[in-house]
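Each residue of the sequence shown is one higher than the one before, starting from 181 at the first, in this note's numbering. Structure first, commentary second.
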Amino acid sequence: MSLQSSEAPEFQLRSTKRPRTSDQQLVSSAGETLTRRIVTPRRPLLLTGPDAVMHDAEEQPIELLPRMFERMALTIDPKFADGLTNQKTIGYFRPHNQRMPTVRYYELNVTNFRESISKILTTYLKFVLAQRKTMSLARIDAEVTLVVPLITNACMAALYSKLRTIHSAYQTYITRFTNRPTYTKEIELPLPLADAIDNVGIFTLSNTEVYYICVPLFPEGTLNEGRSVQAWNSFQYEAYIPMLKEYGIPVKSIDTRRKNGTPWWTYKVSYVSGSYDFRCIYPPANYTEHSAMLASMFARLNEDEEILPIITHQATDVDYPYRFREMPEDYQVKAFAALCQASSPEWNLYLPVTK
C-alpha cells in the first residue's frame with residue numbers, strides 16, 4: 181500500500197526545475213510496510229548586489245542559499261618594502277667597484293635620422309591632405325614639397341641643441357658642437373617628433389652588473405646642425421605651424437636643457453619576410469612599449485631592402501630578446517598618427533607603405 185500526498189503545497193515562486201523527491205518507509209500498526217513520498221519544492225534564488233536584475237519567477241535559477249564571491253588581494257605596506265630595500269634585503273645592487281659609471285657613446289647616423297623624419301612627414305601629410313579633398317594632387321605635392329624640409333630641418337636643429345647641452349657637460353666630444361644652436365624653446369615641433377627628439381638623451385641602465393651610462397653623439401664633421409641646408413629660417417617654419425594644427429597635427433616645444441632620455445634610439449632593427457623586428461641591446465627592463473612606438477617611426481629600408489639604422493651600434497652590444505616583432509611595413513605612419521592623438525579610424529585605415 182502506498183501513501184502519497186495528494187497535492188503539493190502552493191508557493192508564490194515556482195522553479196522551472198523539478199522538485200526534489202525522497203521516499204520514506206513506514207510500518208503500520210498491522211505490520212504492513214508503507215511508502216510515503218516526500219516532495220520538497222526548490223527555493224528561489226535571492227539575487228543581491230548592484231548587478232541584480234529581477235526576472236520572471238519561472239525563469240529564476242534556484243539555489244538553497246545565495247552565493248557571495250569576493251576577491252582577496254594581498255597588499256604589502258610600501259614603507260615595509262622600502263625598509264627592506266634600504267637594508268639591502270631585497271632588490272638588485274651593483275658591486276662596490278661599480279660606483280663610477282662607464283660611459284658608452286653611440287653615434288647617430290644623421291642622414292638616416294633626417295631622411296626618416298622627411299619620409300614619414302611626406303607620407304602622412306599627403307594622406308591627410310588627400311582625406312580633406314580640398315586640394316588637387318598637384319597642389320598637395322607642391323605643398324608637401326615646400327613644408328616638409330622646413331619641419332625636418334627644425335627637428336634637426338632641436339636635436340643638435342639638445343646634444344650640445346649634453347656634451348657641454350661631458351666635454352669629451354665638445355669640439356663637435358662648437359656652433360651656437362639656432363633652435364629656441366619657442367619653436368614648436370610636431371608632437372610625435374618632439375617626443376622622439378626629447379627622448380634622445382642620456383639614460384642609465386638597470387639590471388646590469390656594470391654601471392653603464394649611454395650618451396648619443398653626432399659624428400665628426402657633421403655640418404649645419406645636421407640639417408640638409410646651411411640657410412634655415414625659423415620664422416619661415418613658424419609661419420606653417422598654424423597649418424599643422426589645422427591638419428590635426430599637435431605641436432610641442434622641447435626643453436633642450438634637459439639631458440635625460442630613453443633607450444628608444446638604441447634598438448637593433450632587422451627586416452625579415454616583409455616585417456620589422458626590434459631587438460633590445462640591453463636588458464628588456466630598460467625598454468617600454470612607448471619606446472618601441474617611437475622607434476617604429478624611424479624604421480626604413482634602402483632600395484636593396486636593407487635596414488637604414490639611425491645609430492652605429494658597438495661590437496660589444498649584446499643581443500637581448502625582442503621588444504617588438506613582425507611590425508608591418510605600413511606601421512610607421514600609423515604610429516605617427518596614433519602619437520598625433522588622431523581618431524582611431526584614421527590610424528586603423530590602410531596607409532601607404534613607407535620605405
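The C-beta atom is built at its ideal place from N, Cα and C for all residues, glycine as well.
C-beta atoms of residue i and residue j nearer than 7 Å
{"i": "Tyr447", "j": "Ala419", "result": "no"}
{"i": "Phe458", "j": "Arg407", "result": "no"}
{"i": "Gln512", "j": "Met473", "result": "no"}
{"i": "Val324", "j": "Thr302", "result": "yes"}
{"i": "Pro463", "j": "Asn387", "result": "yes"}
{"i": "Ile421", "j": "Glu368", "result": "yes"}
{"i": "Ile490", "j": "Phe293", "result": "yes"}
{"i": "Tyr304", "j": "Phe516", "result": "yes"}
{"i": "Asn466", "j": "Leu385", "result": "yes"}
Contacts around residue i, its chain only, beta-carbon distance under 7 Å, and the 5 residues preceding and following it disregarded
{"i": "Leu373", "result": "Ile297, Cys335"}
{"i": "Leu264", "result": "Ile270"}
{"i": "Pro501", "result": "Cys460, Pro464"}
{"i": "Asn404", "result": "Gln410"}
{"i": "Glu400", "result": "Arg356"}
Beta-carbon proximity list for residue i, same chain, < 8 Å, skipping 5 on both sides
{"i": "Leu397", "result": "Tyr285, Tyr286, Glu287, Leu288, Leu343, His347, Tyr353, Arg356"}
{"i": "Ala261", "result": "Ile270"}
{"i": "Ala522", "result": "Gly428"}
{"i": "Leu488", "result": "Asn289, Asn292, Glu295, Ser296, Arg480, Leu481, Asn482"}
{"i": "Pro375", "result": "Strictly speaking, residue 375 in this sequence is Asp, with Pro absent from that position. Lys432, Leu474, Leu519, listed in sequence order."}
Distance between residue j and residue i (C-alpha atoms, nearest Å)
{"i": "Ala338", "j": "Phe383", "result": "19 Å"}
{"i": "Val390", "j": "Ala310", "result": "52 Å"}
{"i": "Pro430", "j": "Asn277", "result": "47 Å"}
{"i": "Glu485", "j": "Pro508", "result": "14 Å"}
{"i": "Val395", "j": "Gly381", "result": "6 Å"}
{"i": "Gln416", "j": "Arg274", "result": "51 Å"}
{"i": "Val290", "j": "Ser341", "result": "14 Å"}
{"i": "Arg480", "j": "Asp378", "result": "21 Å"}
{"i": "Asp499", "j": "Lys299", "result": "28 Å"}
{"i": "Pro281", "j": "Ile393", "result": "6 Å"}
{"i": "Ile358", "j": "Gly441", "result": "A small correction: the amino acid at residue 358 is Thr; Ile does not occupy that position in the sequence shown. When rounded, the distance between both Cα atoms is 22 Å."}
{"i": "Ser450", "j": "Ile320", "result": "33 Å"}
{"i": "Val308", "j": "Leu424", "result": "11 Å"}
{"i": "Gln351", "j": "Ser455", "result": "40 Å"}
{"i": "Asn413", "j": "Gln267", "result": "56 Å"}
{"i": "Asp257", "j": "His470", "result": "30 Å"}
{"i": "Glu295", "j": "Lys259", "result": "50 Å"}
{"i": "Ser524", "j": "Asp510", "result": "16 Å"}
{"i": "Trp445", "j": "Arg279", "result": "26 Å"}
{"i": "Arg360", "j": "Lys432", "result": "22 Å"}
{"i": "Lys365", "j": "Thr468", "result": "27 Å"}
{"i": "Ala318", "j": "Glu426", "result": "20 Å"}
Identified DSSP bridge partners for residue i
{"i": "Phe504", "result": "Phe458"}
{"i": "Tyr286", "result": "Pro396"}
{"i": "Ile491", "result": "Leu288"}
Close-in-space but distant-in-sequence residues of the same chain around residue i (CB under 6 Å, 5 per side omitted)
{"i": "Thr436", "result": "Ser341, Lys342, Thr345"}
{"i": "Leu519", "result": "Pro372"}
{"i": "Val327", "result": "Tyr420"}
Any non-hydrogen atom of the ligand PLP within 6 Å of residue i CB
{"i": "Glu483", "result": "Only the bare structure without any ligand can be found here, which leaves the ligand PLP out of the picture."}
Secondary structure, alpha helix (DSSP H): runs of 4+ residues fully inside the segment 404-485: 414-418, 421-426, 469-476
Residue ranges of each alpha helix (DSSP H) within the segment 336-408, 4 or longer: 371-378
Whole runs of the alpha helix (DSSP H) within the segment 257-283, excluding any shorter than 4 residues: 258-266
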